[in-house]
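This report refers to the structure that appears directly beneath it.
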Amino acid sequence: MGRHDFFSKYAPRPGRLRFAVSRVAVLALVIIVLGWIAISILIAPPPSNEPLATVPLESVPTSSQSAKGSASPSGPRVTVHVVGAVKKPGVYELPEGSRITDAVKSAGGLAEDAHPELVNLAAKLIDGQQIILPGDSTQSQNPNLPAPSNNAKISINTADAQTLQELPGIGPALAERIIDFRTENGPFSSVEELDAVSGIGPAMLEKLADLVVP
1 MGRHDFFSKY APRPGRLRFA VSRVAVLALV IIVLGWIAIS ILIAPPPSNE PLATVPLESV
61 PTSSQSAKGS ASPSGPRVTV HVVGAVKKPG VYELPEGSRI TDAVKSAGGL AEDAHPELVN
121 LAAKLIDGQQ IILPGDSTQS QNPNLPAPSN NAKISINTAD AQTLQELPGI GPALAERIID
181 FRTENGPFSS VEELDAVSGI GPAMLEKLAD LVVP
């Protein structure tokens, strides 16, 4: 056997050589892919156990809430001083247009010895006004308070313009002057102080003496 025949016998055939190369290439590709996956897993950060942050949604006001939110603020108010025969004398703030009866309620109501018939409870409140509720105990402490009487009289300290015009000789202009006087100078301490109001003389004061109280 010659040398040529020896190599020809043991040399791999071309088909087998191509098949062996293909298997090696596939195996190498698989190894590369698996290695890449393993490396990716190793270098990837561990998953966080913290819960996902939730973004709170701002509540959208409903139509009813919007209506409440856009409601106009409270209107003008007046401050009055309630003293005398009430359960809780003091300074109170009430809506403009309130009546003396509302101020009395704010002061806890009438005391047991009160004489509300001496005060016009329906009169409107005036800012800065002092409301004096006559009573048996307060009369002895303050002689300027009107004495109890069976006849209802108009209080010149609390009556509004319309109520003052019920008195003889007092028209709209004079009623306004009485109100302006007590607003600027404070409440009347006696009926005789009406003489200081322009338009009220001794003759009219005599007519009013039995019809009004401070």
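Each residue of the sequence shown is one higher than the last, beginning at 1 in UniProt numbering. A virtual CB, placed ideally from N, CA and C, is assigned to each residue, including glycine. Fair warning: this is a prediction, and the values are worked out from it, not measured in the lab.
First and last residue of the uninterrupted beta strand (DSSP E) at residue i
i, result
"Val78", "Arg77 to Gly84"
"Leu205", "Counting along the chain, Leu205 falls outside any beta strand (DSSP E), though it belongs to the alpha helix (DSSP H) covering Pro202 to Leu208."
"Leu133", "Gln130 to Leu133"
"Val91", "Gly90 to Pro95"
Contact check, residue i vs residue j, beta carbons under 9 angstroms
i, j, result
"Pro168", "Glu193", "no"
"Ala123", "Asp160", "yes"
"Leu125", "Ser98", "yes"
"Pro89", "Arg77", "no"
"Val80", "Gln162", "no"
"Ala209", "Val191", "yes"
"Val83", "Val104", "no"
"Ile100", "Thr158", "yes"
"Ala111", "Gly135", "yes"
"Leu133", "Val86", "yes"
Host alpha helix (DSSP H) of residue i (start-end)
i, result
"Lys124", "Counting along the chain, Lys124 falls outside any alpha helix (DSSP H), and DSSP gives it neither H nor E."
"Pro172", "Pro172 to Asn185"
"Thr163", "Ala161 to Leu164"
For residue j and residue i, the rounded distance between their alpha carbons
i, j, result
"Ala28", "Ile43", "22 angstroms"
"Met204", "His115", "27 angstroms"
"Gly186", "Gly128", "9 angstroms"
"Ser198", "Ala107", "34 angstroms"
"Val33", "Ile41", "12 angstroms"
"Asp195", "Ala173", "16 angstroms"
"Pro148", "Leu211", "Confidence at Pro148 is low in this model, with a pLDDT of 46, below 50, so the placement of that residue should be treated as unreliable; the coordinate-derived value is given next. For Pro148 and Leu211, the distance between alpha carbons rounds to 13 angstroms."
"Ile31", "Arg23", "12 angstroms"
"Ile39", "Val26", "20 angstroms"
"Tyr92", "Asp113", "22 angstroms"
"Asp102", "Gly109", "9 angstroms"
"Glu206", "Thr183", "23 angstroms"
"Gly171", "Gln165", "5 angstroms"
"Phe188", "Pro202", "17 angstroms"
In DSSP terms, what residue i is bridged to
i, result
"Arg99", "Lys124"
"Leu110", "Val86"
"Ala154", "Here residue 154 turns out to be Ile, not Ala, going by the sequence shown. BP columns for Ile154 point to Val212."
Assumed close pair residue i, residue j - CB separation to whole angstroms, cut-off 8 angstroms
i, j, result
"Ile178", "Ile156", "6 angstroms"
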